[in-house]
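**Student:**
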Amino acid sequence: MASTKRLLKERAQLARNPVPYITFQDDDDDDDDADMGAGDTTSGIFEWRFLLELNPTHDDLDEADTIGRAADSPYCNAPSAPAAASAGSPKKGGILSRATRSSKANNDASAASSASTTTTTPSTAQSAYVAFKLKFPPNYPFKPPTITVLSKSYHPNINTKTGEICDAILTGEGWGPTLNIRKVCARLRKFLCDPDPDHPLESEIAQTLMDKPSVYKEKAYMFSKENLTKKAAFGAMQQKVSGRR
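Each residue of the sequence shown is one higher than the one before, starting from 7 at the first, in our numbering.
Below, the structure written as structure tokens:
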């Protein structure tokens, strides 16, 4: 089957040249820490699980438009002081700027863009870990994999009950056969860093992001600190039952 050959090829390529912020696990392997690159069997080839690490030190691996910026993500950084948050100049490309664009609360986008060009990692930065499951259809890569978030979530584009995601490229008409798992991983990183409140699966979270971005940042940071740990992500990734839980 062409899809099996394609997936085996991609798995071998990822084993030779890993994605630094991704840890794969073969869900059918008895070793819970097994890497997706181990072995050459087709067992479990149509379902992959992995954890994605959000860490600002990986931001320079590619353009922000490709992998997002963890340095701007509230999952990784403690909320700024109220005085700084009220200055009315959101960071370029981050959570606050998307929310501001969506709610049309700030029309000075060009000034905000030119004023924010640094890539300094805050001293309070923390890593966030999110577990995913990819389930590939028989006609992959012409159809996209079904993507499920296995970790608990606080994100407007992730269904908190099912782990379903909403993304224009990964689940919408933007998918094409030239995309591969490496690009899926990059897109998922950007998806986590830069949520889209205009197309939510969790309307209440999206409303908080648009109307009270500072509250959203605080909630996201605390949620990440308590739930998006490496231990929690590994636990979610290693569950053997079908579905999210």
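For each residue, glycine too, the CB sits at the ideal point set by N, CA and C.
(1) If you compare alpha carbons, which of 241, 220 and 59 is closest to residue 80?
(2) I'd like to confirm the pairing. Which residues does DSSP put opposite residue 224 in its beta bridges?
(3) Any idea what DSSP makes of residue 19, helix, strand or coil?
(4) Rounded to whole angstroms, what is the Cα-Cα separation between residue 229 and residue 140?
(5) I need the DSSP call for residue 190, collapsed to helix, strand or coil.
(6) DSSP puts residue 30 in a beta bridge; with which residues?
(7) Determine the closest residue to residue 85 out of 224, 212, 143 and 61, with distance taken between C-alpha atoms.
(8) Using the Cα positions of residue 236 and residue 31, report the straight-line distance between them to the nearest angstrom.
(9) List the residues that DSSP assigns as beta-bridge partners of residue 1.
(10) On a CA-only basis, which of 14, 75 and 16 is nearest residue 194? Give me that one, please.
(11) How big is the Cα-Cα spacing for residue 69 and residue 24?
(12) Quick one: Cα of residue 144 to Cα of residue 170, how far?
**Tutor:** For this structure:
(1) By 1-based counting over the sequence shown, the position of residue 80 is 74. Minimum Cα distance to residue 80 is reached at 220.
(2) Position 218 of the sequence shown holds residue 224. Residue 224 is not bridged to any residue.
(3) As a working note, residue 19 is residue 13 in the sequence shown. Helix.
(4) For the purposes of this step, residue 229 is taken as residue 223 along the sequence shown, with counting starting at 1. For the purposes of this step, residue 140 is taken as residue 134 along the sequence shown, with counting starting at 1. Rounded to the nearest angstrom, the two C-alpha atoms are 24 Å apart.
(5) Here residue 190 is taken as the residue at index 184 of the sequence shown, counted from 1. Residue 190: helix per DSSP, three-state reduction.
(6) In the sequence shown, the residue the question calls residue 30 occupies position 24. Paired residues: 56.
(7) Here residue 85 refers to the residue found at position 79 when the sequence shown is read from its first residue. Of the candidates 224, 212, 143 and 61, the one whose C-alpha sits nearest the C-alpha of residue 85 is 224.
(8) As a working note, residue 236 is residue 230 in the sequence shown. As a working note, residue 31 is residue 25 in the sequence shown. C-alpha separation (whole angstroms): 14 Å.
(9) Examination of residue 1 is not possible in this model, given that the chain is present from 7 through 251 alone.
(10) Numbered from its first residue, the sequence shown carries residue 194 at position 188. Considering only alpha carbons, the answer is 75.
(11) Within the sequence shown, residue 69 is the residue found at index 63, counting from 1. Within the sequence shown, residue 24 is the residue found at index 18, counting from 1. The straight-line gap from Cα to Cα measures roughly 18 Å.
(12) To locate residue 144, count along the sequence shown from 1; it is residue 138. To locate residue 170, count along the sequence shown from 1; it is residue 164. Using only the alpha carbons, I get a separation of about 20 Å.
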